[in-house]
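**Q** Before I ask anything, let me first share the structure, which is written out below as C-alpha cells.
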Amino acid sequence: MEEKPLKQQFTARLQPGERVDDYFVACEPALRSFRNGGGRSGSFLKLTLRDREGSLPAVLWEGAEAVYPRLRGNPVVKVRGSVGTYQGELQVVVEALEPAREELDPGNFLPSSPRPRPEMEKELAACLAAIENEPLRWLLSAFFADPAFYNAFARAPAAKNIHHAYIGGLLEHTLETVYFARAIAQRYPEYINRDLLLTGALLHDCGKVEEYRVEGLGFTLTAAGRLFGHLVLGARMVEERLAPRNDFPAALKEELLHVILAHHGSQEWGSPQPPKTITAFALHHADFLSAELNHFQGVLQAGVNEEGWTAADRKLERSVYLGFLAPDEVAAARERGGR
C-alpha cells in the first residue's frame, strides 16, 4: 500500500466543522488573558497557522502558558483540533499542539508566487531598460545590479499577510505596480514624469528587504522593520546609494523620496505626508490597486457558495460576488468553497 504524504490538510481548503490533524507553521503566537462569566480567569494562546496555501487564525485554551515558549522561530507543529468560526471568519480551535518530530518537505509550508521567477525577472529587466533618465537609470542599477540586494528582493514577501504574502511576492507586487503606473503615465503624459513614476514604482517597497526576513518556515519583522517600517528604510536605502554621486539632481532626489515616503497615501496609513505631487498620487493608487486586487483574488480563490458569494472578509468588510466568469472558473471556485 502506498504511504500517504505527511501533510494532507491545507488552510485554504479547511471547512467549518472539519477535524484538523496535520502539520502547520505556528506564527505570531501571543498570550492573552481571559475571564469568563463563571469567574474563571487564565491565559489563552492566539496564533496563526500557515502553510503554502495560506493561513488561518487559531486559538488554544488549555495549556497555553506551557506551549507558548516552544513557538519561537515559526516552528512546524502538529495540530489537533477543529475548524470553527469567530466573527464570521474561520478559526481553528486547537485541542493539542506539539512541535513536529518528523522531517517535512519545506515546500508544503512556504507559499510562493504563482508566477515563475524567470518570467518575472525577464519582465523586470524590460522595466529597467525602459528608463531613459540617466540619473534614475544609475540609481536603479545601484539597487538591482547589486546581487545581495537583488537576491533578497526577489525572494522577499510583500507583506506578512493580506497581500502577496509569499516568497517572490515583493517582486510580483512591484511588477504589478509598475504595470498600473505605466498605464497612468501613458494617459497623463503632460502632467506625469514617466521615468520618475516608474522608478518610484520599482523602488517604492525596496525597504521591505530590510523590514522582513524568512525565519524558520514563516515571515517575521526584523528589529529595523519594527522600529522604522519600510517607508523610512526605503528612503534611507535610496539616500545611502545616492551618497557617492554628487551630481544627482537635488530636486529629482527630493521628489523621488517624496514619492516613496508618500505611497501609503496618508499619515493614518503610515506616510509622513500625503501625496503632494501628481506623480506621488499616481504611485499611491498603483500600489493600492495591486495590493487590493491581490487580496480580492485570494478571497475568491478560497471559494464561493452556490450563489457565487464568498464568506465575509474582515479586511474588505464584505462578501465578494464571483460574477460572470467563465463556467469552468465558477465551478472551480464553488468546489474550493465546498458548498
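Per the working numbering, the sequence shown starts with residue 385, numbered consecutively.
Ideal Cβ positions, reconstructed from N, Cα and C, are used throughout, including at glycine.
(1) Could you round the C-beta distance between alanine 585 and threonine 561 to whole angstroms and report it? I think they count as a contact, below 8 Å.
(2) Would you kindly report the start and end of the unbroken beta strand (DSSP E) that includes lysine 544?
(3) Between histidine 642 and serine 496, what straight-line distance do the alpha-carbon atoms span, to the nearest angstrom?
(4) DSSP on arginine 434, reduced to helix/strand/coil?
(5) For alanine 538, report the span of its alpha helix (DSSP H) as first-last.
(6) Output the distance between the C-alpha atoms of valine 461 and leucine 429, rounded to the nearest integer angstrom.
(7) Evaluate arginine 403 with the Cβ neighbour count: other Cβ atoms within 10 Å of its Cβ, from every protein chain shown; 16 or more gives buried, anything less gives exposed.
(8) Can you name, in chain order, every residue of its own chain whose Cβ lies under 6 Å from the Cβ of asparagine 517, other than the five neighbours on each side?
(9) What is the C-beta distance between glutamate 623 and alanine 608, in whole angstroms, given that I count them as a contact (C-beta under 8 Å)?
(10) What does isoleucine 551 pair with, by DSSP beta-bridge criteria?
(11) Helix, strand or coil: which one does DSSP assign to valine 704?
(12) Determine the extent of the alpha helix (DSSP H) in which phenylalanine 394 is found, giving its start and end residues.
(13) Considering only residues of the same chain and omitting the five flanking positions on each side of valine 409, which have a CB-CB separation below 6 Å?
(14) Which value, in whole angstroms, describes the spacing of the CA atoms of leucine 398 and histidine 679?
**A** By the coordinates alone:
(1) With a contact defined as Cβ atoms closer than 8 Å, alanine 585 and threonine 561 qualify at about 5 Å.
(2) Run containing lysine 544: none; DSSP gives neither H nor E here.
(3) 31 Å
(4) strand
(5) 531 to 539
(6) 14 Å
(7) exposed
(8) Asp579
(9) The pair is not a contact, with the Cβ atoms about 15 Å apart (cut-off 8 Å).
(10) In DSSP, isoleucine 551 forms a bridge with Ser496.
(11) coil
(12) No alpha helix (DSSP H) contains phenylalanine 394, which DSSP labels as neither H nor E.
(13) Arg434, Asn458, Val460, Phe493, Leu601 and Gly602
(14) 19 Å
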